[in-house]
Amino acid sequence: MARLLISLSFLCFVIYMFDLASCNSSPTDFIQASCKVTLYPDLCVRCLSRYAEAIKRNDQHLALTALSVSLARAKSAANFVSKLTKARGIKPREYQAVKDCIENMGDSIDGLSDSIGELGHVGGGGDLRWHISNVQTWVSAALTDDNTCLDGFDGRAMDGNVKSAIKRRVTKVAQVTSNALTFINRLASRHQRASSGEHP
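In mature numbering (1 follows the signal peptide of the UniProt record, and there is no 0), the protein residues as written are -23 to -1, 1 to 177.
#1: If you follow the alpha helix (DSSP H) that Lys76 is in, where does it begin and where does it stop?
#2: Alpha carbons only, please: which of Lys140, His38, Ala43 and Asp128 is nearest the one belonging to Arg23?
#3: Just to confirm my understanding: we take Lys76, look at its own chain, exclude 5 residues before and 5 after, and list those with CB closer than 7 Å. What are they?
#4: Just to confirm, are Val139 and Ala64 a CB contact at a threshold of 8 Å?
#5: Output the boundary residues of the alpha helix (DSSP H) element that contains Ser11.
#6: Got a sec, what are the start and stop residues for the alpha helix (DSSP H) Ser59 sits in?
#7: Indicate the three-state DSSP secondary structure (helix, strand or coil) for Arg170 in the structure shown.
#8: Tell me the DSSP secondary structure of Phe160 in three-state form.
#9: Under the three-state reduction of DSSP, which class applies to Asn1: helix, strand or coil?
#10: Quick one: what's got a C-beta closer than 6 Å to Ser85's C-beta in the same chain, skipping five residues either side?
#11: Straight-line CA distance for Asp104 to Thr114?
#12: Excluding the five sequence neighbours on either side, which residues of its own chain have a C-beta within less than 8 Å of the C-beta of Thr5, listed in chain order?
#13: Flag this pair as yes or no: are the beta carbons of Leu96 and Gln37 separated by less than 8 Å?
#14: With H, G and I counted as helix, E and B as strand and the rest as coil, what does DSSP make of Ala64?
#15: Could you check if Phe(-14) is buried or exposed, using at least 16 other CB atoms within 10 Å of its CB as the buried criterion?
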């Protein structure tokens, strides 16, 4: 009997400590835990931690914020790339690759912008699966656009300052977009489980 009382007391203590930890877990903890499943967790935490209070512990807010970060990075990179068409000493092949990259980044920006608007419809009624599926498609396409831009600078013939500068910026865009896509896929998975009556 005494052993049973001790076991019950210990169990109550564990439950109490677990509940206390859950209540004390901060939005930053949520971001750090969420970022662990991405391909670029350190970059993920650096980019999103400043928005912890706005994100709180909401998966949709997390995905929207990650998309907004991707869009801001894509716009900044596109602005930088567009200036390189006027760079002194740019080679003809570099010039064409830069022009193609500008088009790719424009498409990426459009896809990310549309995705942010579409994700805003989630939770407002209608076919949630359809809205999230659209976002998955568009963000995947945006990531492909980023990589297509980088592919245009493949090969030693393209080595140089132009390639290095573009690669550094567009690679970061691709990485934050990849992280955003991870959160969108997780959101889609949780909505699917919820609609089928499964526990998340």
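Cβ coordinates follow ideal geometry from the N, Cα and C atoms, glycine included.
On the basis of the data shown:
#1: Pro69 to Leu96
#2: Ala43
#3: Thr62
#4: yes
#5: Pro4 to Cys12
#6: Asp36 to Lys60
#7: helix
#8: helix
#9: With a pLDDT of only 40 at Asn1, under the threshold of 50, the placement of this residue in the model should not be trusted; the figure read from the coordinates follows. Helix at Asn1.
#10: Ala51, Ala119, Asp122 and Asp123
#11: 16 Å
#12: Ser26 and Ala29
#13: yes
#14: coil
#15: Bear in mind that a pLDDT of 37 at Phe(-14), under 50, signals an unreliable position, so the model cannot answer this.
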